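UniProt numbering numbers the first residue of the sequence shown as 1 and each following residue consecutively. Idealized CB from N, CA, C, for every residue including glycine. As the structure is a computational prediction, the values presented were derived from the model and not from experiment.
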Amino acid sequence: MRIGILGAGMIGGTVGRLWAEAGHEVSFGVRHPERLHSMLSGLGGKATAGSALDAVAGADVVLAAIPFRAWPGVAAEIAAALGDKVLFDATVPDPPRDGAFGDAALAREDGVAFAVAPLLPRAKLVRAFSTVMWTTLQSQAHRAGDWVGIPLAGDDEKAVALAARLVSDAGFDPVVVGPLSQARRFDPGTAVFDSGMSGPQVRAALGLM
Ligand SMILES: NC(=O)c1ccc[n+]([C@@H]2O[C@H](COP(=O)([O-])OP(=O)(O)OC[C@H]3O[C@@H](n4cnc5c(N)ncnc54)[C@H](OP(=O)(O)O)[C@@H]3O)[C@@H](O)[C@H]2O)c1
C-alpha cells in the first residue's frame with residue numbers, strides 16, 4: 001500500500017519505519033525533506049520524502065502526524081489532493097504549544113476529532129495512533145504477549161477496517177471503538193490515553209469486551 005505520512009518526527013518517523021518494514025511504500029511529507037536524508041538511508045530506500053502535497057498526491061492512504069497547531073495551514077495545502085481519501089489522524093493538542101486552535105479543540109464536548117474534521121470535510125477521517133507515546137511505538141511493536149492497544153474511531157467502515165489492518169501491520173492491536181463521535185472516549189484526559197494498555201485492557205477500559 002502507498003502510505004503518505006504528514007510529519008516525520010517522533011510519531012510519523014516511528015510509524016513510517018514500522019510500515020516500511022512491513023513492506024508498505026512510505027512517503028513522508030514535511031517542510032524540510034532535505035533534513036530526512038540520514039533517516040531515509042536508515043530505512044534502506046524503503047521510504048521517500050517531499051512536500052506534504054507530494055506525500056498526499058501519491059498516496060492511497062494518509063497518516064497525519066504533525067503538530068496540532070499546523071492543521072489549518074496543512075489542511076489548506078492538501079485539501080484538493082486529499083479529496084475523499086482515507087486520513088488517519090494521530091494529532092493531539094498540547095497546550096500551550098498549540099495555541100488557541102489547540103485550546104479550542106480540547107474544550108470541545110464532542111472531542112478533538114471535530115476540530116479537524118471540518119478542515120477536510122471530504123476525507124474519510126479515522127482517529128488512530130493518537131493515544132500511544134512514540135517511545136511505546138518504538139519499543140513495543142510486535143512484542144510477545146498481548147500487543148499494545150490502539151483505539152480507532154471513524155464513520156467510514158472500510159476506512160476503519162483499513163486502519164485496523166495497518167495498525168496490525170505496525171505490530172499493535174487495533175481496538176475499534178465506533179464512529180468518529182466515539183473518538184472523544186480516547187482523547188487526552190481519558191483512562192486509555194497515554195496509558196500503554198494492551199488491546200484487551202483498552203477494550204475492558206472502554207467497555208468493549
Ligand atoms: N510524541 C508522541 O509520543 C505523540 C503521541 C501521540 C500523539 N502525538 C501527536 O502526534 C503529532 C506529531 O507529534 P510528534 O511528537 O511526532 O512531533 P514532532 O516530532 O515535532 O514532528 C512533527 C513533524 O511535523 C512536521 N511538520 C509538517 N508541517 C509542519 C508545520 N507546519 N509545523 C511544524 N511541523 C510540521 C515536522 O517536519 P518539518 O519541520 O520538516 O515540517 C516534523 O517532521 C502531534 O500532534 C502530537 O500531539 C504525539
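Taking only heavy atoms of ligand 1 into account, decide whether any of them is closer than 6 Å to the Cβ of residue i.
i: F68; result: yes
i: H37; result: no
i: H142; result: no
i: I150; result: no
i: G9; result: yes
i: M133; result: yes
i: D94; result: yes
i: T91; result: yes
i: R185; result: no
i: V30; result: yes
i: S130; result: yes
i: A65; result: yes
Below 8 Å on the Cβ atoms is my contact criterion, and I expect residue i with residue j to pass it. Report the Cβ-Cβ distance as a whole number of Å.
i: V26; j: G16; result: 5 Å
i: D84; j: A123; result: 6 Å
i: D194; j: T131; result: 6 Å
i: L119; j: I66; result: Incorrect: roughly 12 Å between the Cβ atoms, too far for contact.
i: A8; j: A49; result: 7 Å
i: R69; j: F101; result: 6 Å
i: V86; j: V61; result: 4 Å
i: residue 212; j: A52; result: Outside the shown range of the chain (1 to 209) lies residue 212, about which nothing can therefore be said.
i: G111; j: D187; result: 5 Å
i: P95; j: L106; result: 7 Å
i: T91; j: A64; result: 5 Å
Near residue i, which residues of its chain fall below 8 Å by C-beta distance, leaving aside the five closest residues on each side in sequence?
i: A104; result: A115
i: D146; result: D173, S198, G199, P200, Q201
i: A164; result: L152, P174, V176
i: S168; result: P174
i: A59; result: R2, I3, G4, S27, K85
i: R203; result: G149, V175, M209
Sorted by chain position, which residues of the same chain lie with C-beta nearer than 6 Å to residue i's C-beta, five sequence neighbours on each side aside?
i: A113; result: R127, L180, A183
i: M10; result: W134
i: Q138; result: T14
Grab me the residues of residue i's own chain with a C-beta within less than 7 Å of its C-beta, minus the 5 sequence neighbours each way, in chain order.
i: R108; result: F114, A115
i: G178; result: A153
i: A141; result: L18, A170, G171, F172
i: D156; result: K124
i: L162; result: V61, V86
i: A205; result: A191, V192, M197
| query | At which residue ranges does the stretch 121-193 contain complete beta strand (DSSP E) runs of 3 or more residues, listed in the order of the chain? | reply | 124-127, 149-154, 173-178
| query | Residue ranges of each alpha helix (DSSP H) run of no fewer than 4 residues wholly in the stretch 59-125, ordered along the chain? | reply | 71-82, 99-107, 113-116
| said: If we require 3 or more residues per run, which beta strand (DSSP E) segments fall completely within the stretch 24-52? | reply: 25-29, 47-50
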